[in-house]
Amino acid sequence: MSSAPWDTVWVNLSVATMVPGGTPYGLIEHAAVAVVGGRIGFVGRQLDLPLRLHELPDGVVRDGGGALMTPGLIDCHTHLVYGGNRAREFEMRLQGQSYEEIARAGGGILATVRATREADAVSLTRSALSRLDPLLAEGVTTVEVKSGYGLETETELRMLRVARLLAHERPVEVRTTLLGAHAVPEEFQGDVDAYVDLVCREMLPLAAAEGLADAVDAFCETIAFSPAQTSRVFEAARALGLPVKLHAEQLSNLGGAALAAAFGALSADHLEWLDAAGVTAMARSGTVAVLLPGAFYVLRETRVPPVDLLRRAGVPIALATDCNPGTSPLTSLLLVLNMACTLFRLTPEEALAGVTRNAARALGLADRGELRQGHRADAVLWRVEHPAELAYAIGLNPRIATLRGGVVVAD
Ligand code: DI6
Ligand code: FE
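Start counting at 1 in the sequence shown, then tack on 181, and there's your number in my numbering.
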């Protein structure tokens, strides 16, 4: 048995711990990070290590080569699992066809629903991996994946099973979210409440019984589900002990964020139309604001989320790709950092907190998102001199290596 108190000690690093309250980014220069049992055993100045490096057995000390270490990135809002794609629709829109014409020709979200229903688990897994891999290449260690393109029990559950499987195929933790109330399927047009019944009475209980859902989400919008219908979904989730989150205030203000806050939601997401009352409600309940600049960009929105109000109220701000085939075919979390700064005027530090500390919180995960003693040793080594470079560069990937549970993962 080794007498070393640690499995690995990384030295010769700068570390952006993202622990709030100290230096910007929680930055420590000339730092060391020690790992034991997949957790962080020490993070601090190399000088303050309680052991001399030469006393440690061979192979324990690893040279970081002056790299910057950050927490592993967390993409806390994705729709990674779906069938087909909507590139043709993108092309048609740019050739002058309207969204309505495309929908009448069988396009839009229901086109993805059809393609997803037709896809088996193997092909869903294959296409989801093609989107997951670019995220991992940029240092993502935890990803949330929603259902929502089945809109029938069998396909919704299949999507969630595929999402869970991704964690067996790649070195990543997957958190799953049931989004049965994403859109109204064709067969329930005209009787939305009957579809909400199906979500509440069948999808949620079956997903919960199979342990397939870590949370429940809905799309509260004039083109989707009303606040009353959203409440019913949240009541059903609460009865099953599942936390909730909400697509809220994306295209209009229905008071979705305040509703989510009243249910103690983990997060309310999008929020371009969020008002002061919604901000106050979120601050009171500790609900995270998840901003999704990819969808804002693709839809060419002009109304930005009320970032200043969120800041002043102390609402934690997270960022995510919202990777989906319609409004955000985006598989770069680093690009999200840049978009959040450029489009929403977040600072690079806020942006990085949005894909680490606050993204963890948006998923209800208290063991990651910061590099501090006791947290999971999920981390990324970057070839940059300062953490602002991660948000500043467009299209550059300076990742050197990813650690998951303290182990360098294969690329
Ligand atoms: N908000 C959106 O913008 C997307 N879903 C959502 O809840 C649209 C998804 C799609 O068009 O496939
Ligand atoms: Fe979404």
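From the three backbone atoms N, C-alpha and C, an ideal C-beta is built for every residue, glycine too. Note that the structure is a prediction, hence the values are computed from the model and not measured.
- Beyond the five residues adjoining it in sequence on each side, T357 comes within less than 7 angstroms, by CB distance, of V326, L341, A344, R345, L393, A394 and D395 in the same chain, given in chain order.
- Following the DSSP letters along the chain, one finds F415 inside the alpha helix (DSSP H) bounded by residues P408 to A420.
- Here E354 carries a strand assignment [DSSP, helix/strand/coil].
- Look at I581 here: in three-state DSSP terms it is strand.
- At least one heavy atom of ligand 1 lies closer than 7 angstroms to the C-beta of A476.
- Looking at T323, G289, L490 and M463, the one whose alpha-carbon comes closest to that of L584 is T323.
- As the crow flies, the alpha-carbon of V471 is around 13 angstroms from that of L518.
- If you check the C-beta of N578 against ligand 2, you find no heavy atom less than 7 angstroms away.
- R413 and V377 have their C-alpha atoms spaced approximately 8 angstroms apart.
- Residue pairing for I209: DSSP places it in a beta bridge opposite V196.
- Taking the Cα of L552 as reference, the smallest distance to any Cα among A185, S195, P186 and D188 is reached at S195.
- Out of R312, M384 and Q431, the CA that lies nearest to the CA of R339 is found in M384.
- Rounded to whole angstroms, the separation of the alpha carbons of L275 and S328 is 28 angstroms.
- Taking one beta carbon from each stretch, the segment 290-298 and the segment 265-275 have 3 or more pairs nearer than 8 angstroms; the two touch.
- D244 is classed as exposed because its beta carbon has fewer than 16 other beta carbons within 10 Å across all chains shown.
- Looking only at E319, A309 and L332, the smallest Cα-Cα distance to A348 is reached by A309.
- Comparing alpha carbon positions, the residue from C257, R493, E337 and C522 closest to A574 is C522.
- Under the DSSP assignment, F525 falls in the alpha helix (DSSP H) whose first and last residues are L514 to F525.
- Taking the Cα positions, S433 is about 29 angstroms away from R312.
- In this structure, ligand 1 has a non-hydrogen atom nearer than 7 angstroms to the beta-carbon of T508.
- A contact is defined here as three or more CB-CB pairs under 8 angstroms, and the segment 528-543 meets this definition with respect to the segment 239-258.
- Minimum Cα-Cα distance from A302 among the listed residues E416, R285, G331 and L360 corresponds to G331.
- Within the same chain, Cβ atoms closer than 7 angstroms to the Cβ of L421 are found at L385, P386 and A389, the five residues on either side in sequence being excluded.
- Residue side-chain check: T358 keeps its Cβ at 7 angstroms or more from all non-hydrogen atoms of ligand 1.
- Here DSSP, grouped into helix, strand and coil, assigns F369 to helix.
- Exposure of T204 is indicated by the presence of fewer than 16 other C-beta atoms within 10 angstroms of its C-beta.
- Across the structure, P424 and V397 are spaced so that their CA atoms are roughly 6 angstroms apart.
- With a threshold of 16 other beta carbon atoms within 10 Å, Y280 falls short and is exposed.
- According to the DSSP assignment, I221 belongs to the beta strand (DSSP E) that extends over R220 to R226.
- The beta carbon of R564 sits closer than 7 angstroms to those of A248, P579 and I581, all from its chain and outside the five residues before and after it, given in chain order.
- The Cβ atoms of V216 and A558 sit closer than 8 angstroms to each other.
- In this structure, DSSP gives C381 a helical state, which the three-state scheme calls helix.
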